[in-house]
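Asker:
In full-length UniProt numbering, the protein residues as written are 1 to 553.
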């Protein structure tokens, strides 16, 4: 949105009430009432502005927007559809233009189109394999996972790595090239495999149209797809559509770009482009330019953890997970995974034919036990000056069977970028060596990764569950709970209710995301408002300019 300050309106520029312009009587309040008529306008103010040296007096209007109505406004203007079609066109013409070079041994691991957002080069193949292994392992640990619905199949990374472990697979893929590739490969498979795979060449928005199909997935997988959605409301509608499928027990969303860590990502990308010989002001300038041209959807973890407030009868629990990989890159530092656990009572709410015993049996099989941890036992990693070694010693001193909750653990994958952004925000470094000093500080600082936390747990005889739900409040820090690992009720692992950054407002708040359609909306809305005013008011009352601002002065 446009900031109001560039207008530089002086007190004598603003005249209230009925005024005359070019011999015509103009009621400013009437203009404001007309501007407020659309639901997406929160407030409006009409002002008179005179050009310098006694120039012409013009009507200008400032408006603020209702966040909840903005995404719907975008949909009304077909921007969502156009946004999705643009991505489909890009993938068809650039990423999936030719599959002839994909060898049989690379099936499911061709990594077409996986390039670094830092510099555009191919991401190291070993790092990509490690990234994919972590995603597949996370899905496998989710029980049950025998019947998969995947939204956005790509070239088949999930399908071809899990096809031998599942009973059925339904894939929704909007790219015609990727759809044709997977279809041709599966047709050459043994009939025992082909029979359990069904593909649809559709977008995520078409999910509700498939309700009549005879499919009963246990788990829905959306891996590295959300960033191509047009806005937050589109994502929320996809989740609503999934929750209407009564058989679904879990949703896995992988490779989510973090809105909370976006400035850290921009700082890392900037230095990759400029090198270290750069001033803080130059870094800020490049970051601001990149943010203005961001084409992808970035989402806060609080959006997902807030689903339990928005859908209290459907969503039981939400996990926010860091990538558990050794590689330090944009995928491990600034992206995360989400596992949404659906309440057991949803499973058979439409199955009137089921017997009481059948219902009881199925409820038991899907019983999700979530452990609570008292708030007063949490140990703040930074406040207690902990390190890998001191935390290890602390764990070994405790009685066997103890549960230890550790919060605010600096994430080693992004601790440098964290200090870099803090330096930029604090304006406390302006000499030539400022970046070198930050690098040295980050290398000395006690920070841990998910891999290191898992290793620490093994060494001390514990299991560990990790949460990355408080990325915003802990500046990218992790939470971890070390426990003895006794699993009940057939669960593959113990779930804990970690603290989150959700404030009970649910995921509708637009603060939870950076949305690629926002700039298009800001450009489109002033035009729409002028058209409304032209239809309702006399021509002299129509302002020469309508500006969307964050706050009306």
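Glycine is no exception: its CB is placed at the ideal position from the N, C-alpha and C atoms. All of these numbers come straight from a predicted model, not from anything done at the bench.
How big is the Cα-Cα spacing for residue 525 and residue 259?
Answerer: For residue 525 and residue 259, the distance between alpha carbons rounds to 25 Å.
Asker: Count the other CB atoms, across all protein chains shown, that sit within 10 Å of the CB of residue 199; report buried if there are 16 or more and exposed otherwise.
Answerer: The residue in question, residue 199, is buried, as its Cβ has 16 or more Cβ neighbours within 10 Å.
Asker: Go through its chain and collect everything with a Cβ distance to residue 14's Cβ below 7 Å, but skip five positions before and after it.
Answerer: Note that residue 14 scores 42 on pLDDT, short of 50, meaning its location in the model is unreliable and no value can be drawn from it.
Asker: Mind checking whether residue 464 and residue 142 have CB atoms under 9 Å apart?
Answerer: The answer is no: Cβ separation not under 9 Å.
Asker: What are the residues that DSSP puts in a beta bridge with residue 341?
Answerer: Paired residues: 250 and 317.
Asker: From residue 253 to residue 206, what does the alpha carbon distance come to, in whole angstroms?
Answerer: If I take the Cα positions, the gap works out to 18 Å.
Asker: Hey, which unbroken runs of the alpha helix (DSSP H) at 4 residues or more fall wholly within the region 215-288?
Answerer: For the region 215-288, whole alpha helix (DSSP H) runs of length 4 or above, ordered along the chain, are 232-243 and 262-274.
Asker: Would you kindly check if the distance between the Cβ of residue 182 and the Cβ of residue 171 is under 9 Å?
Answerer: Their beta carbons are under 9 Å apart, which means residue 171 touches residue 182 by this criterion.
Asker: So, at 7 Å on beta carbons, what are the nonlocal neighbours of residue 515 in its own chain, with the 5 sequence-adjacent residues on each side left out?
Answerer: For residue 515, where only same-chain residues beyond five positions count, the Cβ hits under 7 Å are 231, 232 and 297.
Asker: Just to confirm before moving on: does the CB-CB distance between residue 151 and residue 250 stay below 9 Å?
Answerer: Not a contact, by the Cβ cut-off of 9 Å.
Asker: Between the region 324-335 and the region 447-456, do three or more beta carbon pairs fall short of 8 Å?
Answerer: Yes: at least three Cβ pairs fall under 8 Å.
Asker: Nearest to residue 449 by alpha carbon, out of 543, 410, 331 and 372?
Answerer: When only C-alpha atoms are compared, the closest one is 410.
Asker: For the region 423-510, which segments carrying the alpha helix (DSSP H) assignment without a break, of at least 4 residues, lie completely within its bounds, in sequence order?
Answerer: Entirely contained in the region 423-510, the alpha helix (DSSP H) runs reaching 4 residues are, in chain order, 434-444 and 450-460.
Asker: Check whether the region 127-138 and the region 150-164 are in contact - that is, three or more C-beta pairs closer than 8 Å.
Answerer: Yes, the region 127-138 touches the region 150-164.
Asker: At which residue ranges does the region 139-220 contain complete alpha helix (DSSP H) runs of 4 or more residues, listed in the order of the chain?
Answerer: Whole alpha helix (DSSP H) segments, 4+ residues: 157-162, 176-187 and 191-194.
Asker: Can you list, in chain order, the residues of its chain whose CB lies under 6 Å from that of residue 421, leaving out five sequence neighbours each side?
Answerer: So the qualifying residues of the chain are 263, 264 and 267.
Asker: Would you identify the three-state DSSP class for residue 550, choosing helix, strand or coil?
Answerer: Correct three-state label for residue 550: coil.
Asker: For residue 355, which three-state DSSP category applies?
Answerer: Here residue 355 scores only 49 on pLDDT, less than 50, and its place in the model is too uncertain to base an answer on.
Asker: Given a cut-off of 9 Å on the beta-carbon distance, is the pair residue 65 and residue 42 in contact?
Answerer: In this structure, residue 42 lies closer than 9 Å to residue 65 by Cβ.
Asker: Specify, as a first and last residue, the run of the beta strand (DSSP E) that residue 407 falls within.
Answerer: Where residue 407 is concerned, the enclosing beta strand (DSSP E) stretches over 404-409.
Asker: Taking the C-alpha atoms as reference points, what is the distance between residue 512 and residue 503?
Answerer: Cα to Cα, residue 512 sits roughly 11 Å from residue 503.
Asker: Quick check on DSSP: helix, strand or coil for residue 56?
Answerer: Reduced to three states, the DSSP call for residue 56 is coil.
Asker: Is it the case that the Cβ atoms of residue 495 and residue 317 are separated by a distance below 9 Å?
Answerer: Cβ atoms of residue 495 and residue 317: closer than 9 Å.
Asker: Just list the residues that DSSP pairs residue 310 with in beta bridges.
Answerer: DSSP lists no partner for residue 310.
Asker: Could you check the C-alpha separation between residue 304 and residue 153 for me, to the nearest Å?
Answerer: Between residue 304 and residue 153, the C-alpha separation is close to 22 Å.
Asker: Relative to the C-alpha of residue 98, which candidate in 87, 112 and 58 has its C-alpha closest?
Answerer: It is 112 whose Cα lies nearest to the Cα of residue 98.
Asker: In terms of residues, what are the limits of the beta strand (DSSP E) holding residue 380?
Answerer: It spans 378-380 - the beta strand (DSSP E) in which residue 380 sits, taken as one unbroken run.
Asker: Do you know how far the Cα of residue 162 is from the Cα of residue 108?
Answerer: Approximately 10 Å, taken between the alpha carbons.
Asker: Please classify residue 500: is it buried, with 16 or more other beta-carbons within 10 angstroms of its beta-carbon, or exposed?
Answerer: The residue in question, residue 500, is buried, as its Cβ has 16 or more Cβ neighbours within 10 Å.
Asker: Exposed or buried, residue 329, counting other C-beta atoms within 10 Å across all chains shown (16 or more means buried)?
Answerer: It is buried - the Cβ of residue 329 has at least 16 other Cβ atoms within 10 Å.
Asker: Measuring only the C-alpha atoms, how far is residue 77 from residue 194?
Answerer: Summary for residue 77: the model assigns pLDDT 49, below 50, so the residue's position carries little reliability; its value from the coordinates is reported in the next sentence. Each residue's Cα considered, the two are about 41 Å apart.
Asker: For residue 388, I'd like the list of residues in its chain whose CB is within less than 8 Å of its CB, leaving aside the five on either flank, ordered along the chain.
Answerer: Excluding sequence neighbours, residue 388 sits near 446, 448, 452 and 456.
Asker: Considering only the alpha carbon of each residue, which of 532, 94, 482 and 398 lies closest to residue 177?
Answerer: Looking at the Cα atoms, 94 is the closest of the given residues.
Asker: Which class does residue 27 belong to by DSSP, given the choice of helix, strand or coil?
Answerer: It is a strand residue.
Asker: Return the residue from the list 187, 146, 374 and 261 that minimises the CA-CA distance to residue 168.
Answerer: Selected option, being the one with the closest Cα: 146.
Asker: Quick check on residue 544: buried or exposed, where buried means 16 or more other Cβ atoms within 10 Å of its Cβ?
Answerer: Classification for residue 544: exposed.
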